[in-house]
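The structure under discussion appears below in the form of structure tokens.
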Amino acid sequence: MPAGKSDSDQEKLFSIELLTIQQVAEWARVSPKTIYRWIETGQIPVVKFGNRTYRIPAGAVIDQLRQAGYEHLVDPKNHV
């Protein structure tokens, strides 16, 4: 285990559901370009693997839409 990391920290890290750009776009019913714009403007965090592979934490999508005024949301992990 890396120094400074507890078992709890690692459990949280590995329990995060990561979604593709396409999955987020389909769930939010917006274009992938909108998702890229949200990433560029810092509205949602992204995990980048290599030069062109992005993954978005499912919880970040829910948070972004709630901040935009959507109160009643379906969990994207169960939708896609």
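Residue numbers (the numbering used here): 775 to 854.
Each residue gets a CB set at the ideal place from its N, CA and C atoms; glycine is no exception.
Just list the residues that DSSP pairs residue i with in beta bridges.
i, result
"L839", "For L839, which the question treats as bridged, DSSP gives no partner whatsoever."
"I830", "L793"
How far does the beta strand (DSSP E) with residue i in it reach, from first residue to last?
i, result
"Y844", "Where Y844 is concerned, there is no enclosing beta strand (DSSP E), given that its DSSP letter is neither H nor E."
How about residue i: is its C-beta nearer than 8 Å to some C-beta of chain C?
i, result
"I809", "Absent from the structure is chain C; it holds one protein chain and no more."
Pick helix, strand or coil for residue i, following the three-state DSSP scheme.
i, result
"P806", "helix"
"I818", "coil"
Residue i: which of the options sits nearest, CA to CA?
i, options, result
"T827", "E791, R840 and Q796", "Q796"
"Q838", "V821, W812, G824 and K822", "W812"
"L793", "N825, R840, G824 and V820", "V820"
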